[in-house]
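The structure appears below as structure tokens.
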Amino acid sequence: MSSSPDIAGILENTKELDRLRKEQEEVLVEINKMHKKLQATPEVVEKPGDTSLSKLKNLYIQAKELSESEVTVSTILLTQLDSLLPSGPTGQQRRKLEGNDQKRKRMKVESDVQRVSPSVRNQIEAYASLRGEQVAARVTADDAEKDEWFVVKVIHFDRDTKEVEVLDEEPGDDEEGGGQRTYKLSMSCILPFPKRNDPSTTQEFQPGKHVLAVYPGTTALYKATVISTPRKRKSDEYLLEFDDDEEDGALPQRTVPFHKVVALPEGHRQ
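Note that my numbering has the sequence shown beginning at 26, numbered continuously upward.
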């Protein structure tokens, strides 16, 4: 028969688990508020002295730490409960327990998805809907000397690992075998292109803004500066100057369709 200290310890840890989950909910509410603020006024992060991104990072760190603490307390609780339960279940009981364990895993995954902030959940759904579409992808490692971005086709999105499988339909001459190549990349390595058939919903980058754009006649993307916008040109093309595109001592201005231009990723290396 179990001793009262064991029961007291279990009750204490269940209270701690409840506290951690409530604190996580509070942090997620704050994260959601920050997401709404940044979506409504994205230009605020460019203002001197703004700490929005720093606050958001700290909130995510706090959420991660709380989640890790929840796992720790849950593991202790499982150990405590196991010590109170009779050992050696029969084959039928074991199968039932294993079945319940699978259900718990599924329920945990579903619960984790429900706890994800709406903006992140929307982002996951957006990436899941990219199958068959062309996107911009960074195929180089995080520690590479420079970033290389190419136009690729999305084959599959794994909701569990958050990995996007893509196909490089036109690999360079230096690729082994010269054939098409697939990559499995994280969501942060993928930038969806604007919808070609709906320019009205596309963000327009203003003159002077740095962007990432497909260089004319290639499937590679490079850093460029906006000279003129589609609206000003009364067309569906940007007028851009690409970095390191010097000809006769000057940077030529090149036209690129709006649906082949995306925001320059933070920390881009070229």
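Where is the CB? At the ideal position from N, CA and C, for every residue including glycine. If you're wondering where the values come from, they're calculated on a predicted model, not measured in any experiment.
Nearest neighbour of residue 43 by Cα position, chosen from 209, 146, 72, 102, turns out to be 102. The beta strand (DSSP E) runs of length 3 or more contained entirely in the region 183 to 242 are, from start to end of the chain, 188 to 193, 206 to 211, 215 to 217, 235 to 239. Per DSSP, reduced to three states, the secondary structure at residue 169 is coil, with no helix or strand assignment. When only Cα atoms are considered, residue 185 and residue 70 end up about 31 angstroms apart. Under the DSSP assignment, residue 255 falls in the alpha helix (DSSP H) whose first and last residues are 255 to 258. Counting the other CB atoms within 10 Å of its CB gives residue 163 a total of 16 or more, which places it among the buried residues.
The continuous beta strand (DSSP E) containing residue 264 extends over residues 262 to 267. Of all C-beta pairs linking the region 32 to 41 to the region 86 to 93, fewer than three are shorter than 8 angstroms, placing the two stretches out of contact. Of all C-beta pairs linking the region 224 to 233 to the region 174 to 181, fewer than three are shorter than 8 angstroms, placing the two stretches out of contact. Residue pairing for residue 84: DSSP places it in no beta bridge.
With 16 or more neighbouring CB atoms inside 10 Å of its own CB, residue 265 falls in the buried class. 8 angstroms or more divides the Cβ of residue 231 from the Cβ of residue 268. Closest in C-alpha terms to residue 291, from the list 62, 216, 50, 95, comes 216. For the 8 angstroms CB-CB criterion, residue 249 and residue 236 form a contact.
In the DSSP assignment, residue 162 falls within the unbroken beta strand (DSSP E) covering 159 to 163. If the five residues before and after residue 81 are omitted, its C-beta is found closer than 6 angstroms to the C-beta atoms of 59, all from its own chain and listed in chain order. For residue 280, the enclosing beta strand (DSSP E) stretches over residues 278 to 282. Per DSSP, residue 287 is one residue of the beta strand (DSSP E) stretching across 286 to 288.
Here DSSP, grouped into helix, strand and coil, assigns residue 293 to coil.
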